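With positions in the sequence shown counted from 1, the corresponding number in our numbering is that position plus 17.
C-beta: ideal position from N, C-alpha, C; glycine also.
Predicted model, so just to flag it, every value in this text is computed and none were measured.
Taking it in order: structure first as structure tokens, then the write-up.
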Amino acid sequence: MPARYRDPLSEICQNELIITIDTEQPCLLIYPLNEWELIEEKIEALPSFNPTTRRIQRLLIGHATDVEIDANGRMMIATPLRDYAQLGKKVVMIGQGKKFELWDDAIWNKCRDEWLNDKTDGELPAALAELTL
Numbered sequence: 018m019p020a021r022y023r024d025p026l027s028e029i030c031q032n033e034l035i036i037t038i039d040t041e042q043p044c045l046l047i048y049p050l051n052e053w054e055l056i057e058e059k060i061e062a063l064p065s066f067n068p069t070t071r072r073i074q075r076l077l078i079g080h081a082t083d084v085e086i087d088a089n090g091r092m093m094i095a096t097p098l099r100d101y102a103q104l105g106k107k108v109v110m111i112g113q114g115k116k117f118e119l120w121d122d123a124i125w126n127k128c129r130d131e132w133l134n135d136k137t138d139g140e141l142p143a144a145l146a147e148l149t150l
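The following block contains the structure:
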């Protein structure tokens with residue numbers, strides 16, 4: 018865990034994190050425990066008779082793994098999670114507001130370059146279209 022996040026994470030979640038998979042990309046999602054509990058509650062409340070909802074419930078909740086940041090800022094990531102994200106020796110951690118994404122460096126660079134080069138005129142959600150950056 019990068020040093021600049023260690024103290025804030027220690028304060029808000031006592032270094033207790035949840036790691037799960039991203040259902041759309043080969044990366045891992047890392048949540049402070051308190052944030053994950055809110056998300057998990059919402060996911061569990063969704064109707065499980067919907068196949069798409071059930072898929073998300075199985076994947077996100079089913080892969081959710083408790084981890085702690087040790088005194089040296091390290092986390093032990095379970096093998097199935099490392100395999101899913103194809104994590105090698107070099108990784109990239111991307112801040113995403115209330116969570117982090119953990120990517121293999123080469124996969125991140127490839128995806129980032131594709132996103133940067135994507136010039137399609139996709140429709141923006143109304144809330145995003147109103148944002149000023």
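Asked: Distance CB(V109)-CB(D121) smaller than 9 Å; Found: yes
Asked: Between the CA atoms of I94 and I73 - distance to the nearest angstrom; Found: 21 Å
Asked: Contact belief for L119 with I47 at Cβ below 8 Å, rounded distance in angstroms; Found: 6 Å
Asked: Distance between L133 and W53 (C-alpha atoms, nearest Å); Found: 30 Å
Asked: Contact under 9 Å by Cβ, N32 with R23; Found: yes
Asked: Any beta strand (DSSP E) of 3 or more consecutive residues that is wholly inside the stretch 39-106; Found: 45-49, 82-85
Asked: Close beta carbons around L50, own chain, < 7 Å, minus the five adjacent residues each side; Found: C30, E33, L34, I35
Asked: Beta-carbon spacing of L98, T137 below 9 Å; Found: no
Asked: Per-residue burial, L63 [other beta carbons within 10 Å of its own, 16 or more giving buried]; Found: exposed
Asked: Residues sharing a beta bridge with W120, DSSP; Found: V109
Asked: Reference L77, options L45, F117, A144, Q113, closest by Cα; Found: L45
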